[in-house]
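K.L.:
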Ligand SMILES: NC(=O)c1ccc[n+]([C@@H]2O[C@H](COP(=O)([O-])OP(=O)(O)OC[C@H]3O[C@@H](n4cnc5c(N)ncnc54)[C@H](OP(=O)(O)O)[C@@H]3O)[C@@H](O)[C@H]2O)c1
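This is the structure in structure tokens:
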């Protein structure tokens, strides 16, 4: 059997929203290594330039606040037509027990990951070519919450539902999501380095894999979902087995 050209990322245009760090950057690099033409987007111009220095010369980058609909609409006018959209943008998240939850802060905290994903899908859809896809990002806490994660777990579950609804709404564009467990990225940048190391070691030692995830572990799942021309409305869990322990 010959290679299915539709399933290859070679020559495909991939836009990674949140592609300048962590899981998004690893996905951008992995897609570029497979011959994709990659565009990375995040809010900080300096981070966009740093990411571009790690990507091939034909890669592109834009700075945009993905919590802002006007900037998102403008962004896709600049990218033009493309094949695959990946949404990994995420800002700092606060764990808080319900009794002390600041509702106004909590409402704002879902703006980027939930509303940003909806706004990106809304404005990107008409630019996505036949055979193209959208891959969102959700978290294992949505399936297995712990104390202090009411907002985070609620948002993750909402993104799971959003993925299925978008798959129905936007078909034949395929829409899927990657559900991440704990991954070693800059997301915990507010935590001192030594404390972060202890945290990752402790979380990792309780996982079936004996370690937390590396962004490259997650990138594999985004690549699979971009290539998988018969896969839509699905959530692929990459969590080191956290749901089973
Ligand atoms: N790491 C984990 O353990 C883990 C677990 C479960 C789920 N996730 C989810 O996976 C996603 C990726 O996280 P990560 O760990 O890869 O984090 P990360 O390394 O901090 O990357 C987040 C990316 O989002 C961008 N971003 C932040 N605010 C933005 C905004 N307003 N507009 C546009 N871009 C923005 C950042 O760039 P700028 O600062 O330049 O904007 C960066 O490129 C997040 O949704 C996160 O919740 C992560």
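In the numbering used here, the protein residues as written are 15 to 259. C-beta atoms are modelled at their ideal positions from N, C-alpha and C, and glycine is treated no differently.
1. Can you list, in chain order, the residues of its chain with a C-beta nearer than 6 Å to that of residue 181? Leave out the 5 residues immediately preceding and following it.
2. What does DSSP give as the partner residues of residue 188 in its beta bridges?
3. Can you say whether residue 244 is buried or exposed, counting buried as having 16 or more other CB atoms within 10 angstroms of its CB?
4. So who's on the other strand from residue 99, going by DSSP bridges?
5. If you draw a straight line from the alpha carbon of residue 164 to that of residue 72, how long is it in whole angstroms?
6. For the alpha helix (DSSP H) holding residue 38, just list the boundary residues, first then last.
7. Note the first and the last residue of the continuous alpha helix (DSSP H) segment covering residue 119.
8. Output the distance between the C-alpha atoms of residue 102 and residue 95, rounded to the nearest integer angstrom.
9. Going by C-alpha to C-alpha distance, which of 23, 151, 84 and 93 sits closest to residue 105?
10. Using the Cβ count rule (16 or more neighbours within 10 Å means buried), how would you classify residue 30?
11. If you count every other CB in all the chains shown that lies within 10 Å of the CB of residue 41, and 16 or more means buried, which is it?
12. Please report the straight-line C-alpha distance between residue 107 and residue 120, rounded to a whole angstrom.
13. Between residue 80 and residue 134, how many whole angstroms is the CB-CB distance? I'm expecting something under 8 Å.
14. Tell me which residues share the same chain as residue 49 and place their Cβ nearer than 7 Å to its Cβ, disregarding the 5 neighbours each side in the sequence.
15. Chain B beta carbons: is any one of them nearer than 9 Å to that of residue 66?
16. Mind checking who residue 73 pairs with in its DSSP beta bridge?
17. Look up residue 251 in the DSSP assignment and say whether it is helix, strand or coil.
18. Report yes or no: do three or more beta-carbon pairs, one from the region 227 to 242 and one from the region 183 to 197, lie closer than 8 Å?
19. When you compare the CB positions of residue 8 and residue 177, do they come within less than 9 Å of one another, or not?
P.N.:
With the given structure in hand:
1. Counting from one through the chain shown, the residue named residue 181 turns up at place 167. The residues are 189, 246 and 247.
2. Position 174 of the chain shown, counting from 1, holds the residue named residue 188. Residue 188 is bridged to 147.
3. Position 230 of the chain shown holds residue 244. Flag for residue 244 reads exposed.
4. For the purposes of this step, residue 99 is identified with residue 85 of the chain shown, where counting begins at 1. When DSSP reads this structure, residue 99 sits in a beta bridge with 29 and 148.
5. Indexing the chain shown from 1 puts residue 164 at position 150. Indexing the chain shown from 1 puts residue 72 at position 58. Their Cα atoms are separated by approximately 42 Å.
6. For the purposes of this step, residue 38 is identified with residue 24 of the chain shown, where counting begins at 1. Element bounds for residue 38: 36 to 47.
7. Here residue 119 corresponds to residue number 105 of the chain shown, with the count starting at 1. Taken as a continuous stretch (DSSP letters only), the alpha helix (DSSP H) holding residue 119 covers 117 to 123.
8. The residue given as residue 102 occupies position 88 in the chain shown. The residue given as residue 95 occupies position 81 in the chain shown. Approximately 20 Å between the Cα atoms of the pair.
9. In the chain shown, residue 105 corresponds to position 91, counting from 1. Of 23, 151, 84 and 93, the residue nearest in Cα terms is 151.
10. By one-based count along the chain shown, residue 30 stands at place 16. With 16 or more Cβ atoms within 10 Å of its Cβ, residue 30 is classed as buried.
11. Position 27 of the chain shown, counted from the first residue, corresponds to residue 41. Of the residues assessed, residue 41 falls on the buried side of the cut-off, its CB having 16 or more other CB atoms within 10 angstroms.
12. Looking up residue 107 in the chain shown gives position 93. Looking up residue 120 in the chain shown gives position 106. Residue 107 and residue 120: Cα-Cα distance of roughly 9 Å.
13. Here residue 80 corresponds to residue number 66 of the chain shown, with the count starting at 1. Here residue 134 corresponds to residue number 120 of the chain shown, with the count starting at 1. Sure, about 7 Å apart at Cβ, within 8 Å.
14. By one-based count along the chain shown, residue 49 stands at place 35. Only 23, 24 and 25 meet the Cβ criterion.
15. The structure shown contains no chain B, having only a single protein chain.
16. Locating residue 73 in the chain shown gives position 59, where the first residue counts as 1. Residue 73 pairs with nothing; no bridge assigned.
17. Working through the chain shown from its first residue, we reach residue 251 at position 237. Three-state DSSP puts residue 251 in a strand.
18. yes
19. Since the first residue shown for the chain is 15 and the last is 259, residue 8 is missing from the structure and cannot be characterised.
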